[in-house]
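Structure, as structure tokens:
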Amino acid sequence: MQQIQNVRVHLVAADAFLRWLADQGTPLSGCTQGDVERYLNSKPPYPVRCTAFIRWAVRQRYAPAGIKAPAIRWTGPAGPHDQDARWAVARRLLHDDSLPTADRVAGLLVLLYAQHVSSIHRLTTDRVTKDGDRVLLRLGDRPIRLPAPLDSLMSDLVAARAPHAVLRHESEWLFPGRKAGHPIHQSQMLRRLHAIGIKTRQGRNTALFALAQQLPAGQLAKMLGVYISVAVAWQRASGGDWMAYAAAVAARSATRTRPLTGSTPGT
Numbered sequence: 003m004q005q006i007q008n009v010r011v012h013l014v015a016a017d018a019f020l021r022w023l024a025d026q027g028t029p030l031s032g033c034t035q036g037d038v039e040r041y042l043n044s045k046p047p048y049p050v051r052c053t054a055f056i057r058w059a060v061r062q063r064y065a066p067a068g069i070k071a072p073a074i075r076w077t078g079p080a081g082p083h084d085q086d087a088r089w090a091v092a093r094r095l096l097h098d099d100s101l102p103t104a105d106r107v108a109g110l111l112v113l114l115y116a117q118h119v120s121s122i123h124r125l126t127t128d129r130v131t132k133d134g135d136r137v138l139l140r141l142g143d144r145p146i147r148l149p150a151p152l153d154s155l156m157s158d159l160v161a162a163r164a165p166h167a168v169l170r171h172e173s174e175w176l177f178p179g180r181k182a183g184h185p186i187h188q189s190q191m192l193r194r195l196h197a198i199g200i201k202t203r204q205g206r207n208t209a210l211f212a213l214a215q216q217l218p219a220g221q222l223a224k225m226l227g228v229y230i231s232v233a234v235a236w237q238r239a240s241g242g243d244w245m246a247y248a249a250a251v252a253a254r255s256a257t258r259t260r261p262l263t264g265s266t267p268g269t
């Protein structure tokens, strides 16, 4: 699901830039470095995706050669305080019953599972299932077992959407908006999360950085619904190189003393 949302956001960013150029009376093939800088300085939606589109347009010769749109990179938490701040906010969301359940769940999906608000606001209740006492959430190909007390918060949120239904039922928005049949608008969810102290971009990146240190890229991609290339890039940025780790384990195993003939190898 997150891959689909990521593509959608890239299209929105590209469309916004092209519309801005059209309002200036300038085609993409005639835009200048000054145009790009003025647009990026106007605080457009999704600037990171916009710069990616501009670089693609230059490579494909749809835009003039020589135009620069800097990639915005983040190499991980600035220090332990970033992770400390993330966990402090997460603990508050887990235990502060004065906050709305929907805001607590949405914020925890950012801070614990590195989800984009662009994906969270479109989640449907059929992505939440129950297996015995376990509450599962499907963000990618592999369902995630939610820990307590997040599992109870998620169950309460689903139950509030369909009070008389079992946990797994027909699709409906997990975070409904004011307009019937539509999810909460992304900008509204962002405002609500910011109001309770969540810096979504920093929180998501810090979470992804931490998860990439702990999980192989393939598992990370399946659990979180991100592209495998994205998971690999974050794994390298975090220093969590699982291929090197696996090789080291194999090397250690090879140097162990072989068991005597007839003995049973350890498990």
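According to the working numbering, the sequence shown is numbered sequentially starting from 3. Note that beta-carbon positions come from the ideal geometry of N, C-alpha and C, so glycine has one too.
The alpha helix (DSSP H) with Leu139 in it runs from where to where? Secondary structure note for Leu139: it is in no alpha helix (DSSP H), and the uninterrupted beta strand (DSSP E) holding it is Arg136 to Leu139.
Which of helix, strand or coil DSSP assigns to Pro46: Of the three classes helix, strand and coil, the one that applies to Pro46 here is coil, per DSSP.
Helix, strand or coil for His166, going by three-state DSSP, please let me know. Summary for His166: the model assigns pLDDT 43, below 50, so the residue's position carries little reliability; its value from the coordinates is reported in the next sentence. Of the three classes helix, strand and coil, the one that applies to His166 here is coil, per DSSP.
Just to confirm before moving on: does the CB-CB distance between Ala211 and His123 stay below 7 Å? In the sequence as presented, Ala is not what sits at residue 211; that position holds Phe. No. Outside cutoff.
Counterpart residues of Ile146 in DSSP-defined beta bridges: Beta-bridge pairing links Ile146 to Leu139.
Closest by C-alpha distance to Val130, when choosing among Leu155, Phe55, Val228 and Gly109: Of the candidates Leu155, Phe55, Val228 and Gly109, the one whose C-alpha sits nearest the C-alpha of Val130 is Leu155.
Between Gln35 and the ligand SAH, is the CB less than 6 Å from at least one heavy atom? Absence of the ligand SAH from the depicted structure is noted, as is the absence of any ligand whatsoever, leaving it without description.
Is it buried or exposed, Ser121, if we count other Cβ atoms within 10 angstroms and call 16 or more buried? Buried.
I need the boundaries of the alpha helix (DSSP H) containing Phe224, first residue and last residue. According to the sequence shown, residue 224 is Lys rather than Phe. Counting along the chain, the alpha helix (DSSP H) containing Lys224 begins and ends at Ala219 to Leu226.
If we ignore side chains and look at the alpha-carbon of each, how far apart do Leu138 and Leu111 end up? Roughly 13 Å between the two C-alpha positions.
Please tell me whether Leu159 and Val107 are closer than 7 Å, where the distance is taken between their beta carbons. It is a contact, given that the beta carbons lie within the stated cut-off.
Starting from Thr131, follow the beta strand (DSSP E) in both directions and report where the run begins and ends. According to the DSSP assignment, Thr131 belongs to the beta strand (DSSP E) that extends over Val130 to Asp133.
In three-state DSSP terms, what is Thr34? In the structure shown, Thr34 adopts coil according to DSSP, grouped into three states.
Proximal residues to Arg206 (C-beta, below 6 Å), its chain only, five neighbours per side dropped: Val112 and Ala116.
For the alpha helix (DSSP H) that contains Thr208, what are its first and last residues? According to the DSSP assignment, Thr208 belongs to the alpha helix (DSSP H) that extends over Thr202 to Gln216.
Report buried or exposed for His118, applying the criterion of at least 16 other Cβ atoms within 10 angstroms of its Cβ. Looking at its Cβ environment, which holds 16 or more other Cβ atoms inside 10 Å, His118 is buried.
Grab the span of the alpha helix (DSSP H) containing His196 for me, first residue to last. That run of the alpha helix (DSSP H) goes Gln188 to Ala197.
For Leu152, which residues in the same chain have their Cβ closer than 7 Å to its Cβ, ignoring the five residues on either side in sequence? Within the same chain, Leu96 and Leu110 come within 7 Å of Leu152 by CB-CB distance, once the 5 residues on both sides are set aside.
For Thr53, the three-state DSSP class (helix, strand or coil): It is helical.
Work out the CA separation of Gln35 and Thr2 for me, nearest whole Å. Nothing about residue 2 can be read from this structure; the chain reaches only from 3 to 269.
Where Thr126 sits in the DSSP three-state scheme: Reduced to three states, the DSSP call for Thr126 is strand.
Identity of the residue in Leu195, Leu125 and Ala16 nearest Leu101 by Cα: Ranking Leu195, Leu125 and Ala16 by Cα distance to Leu101 puts Leu195 first.
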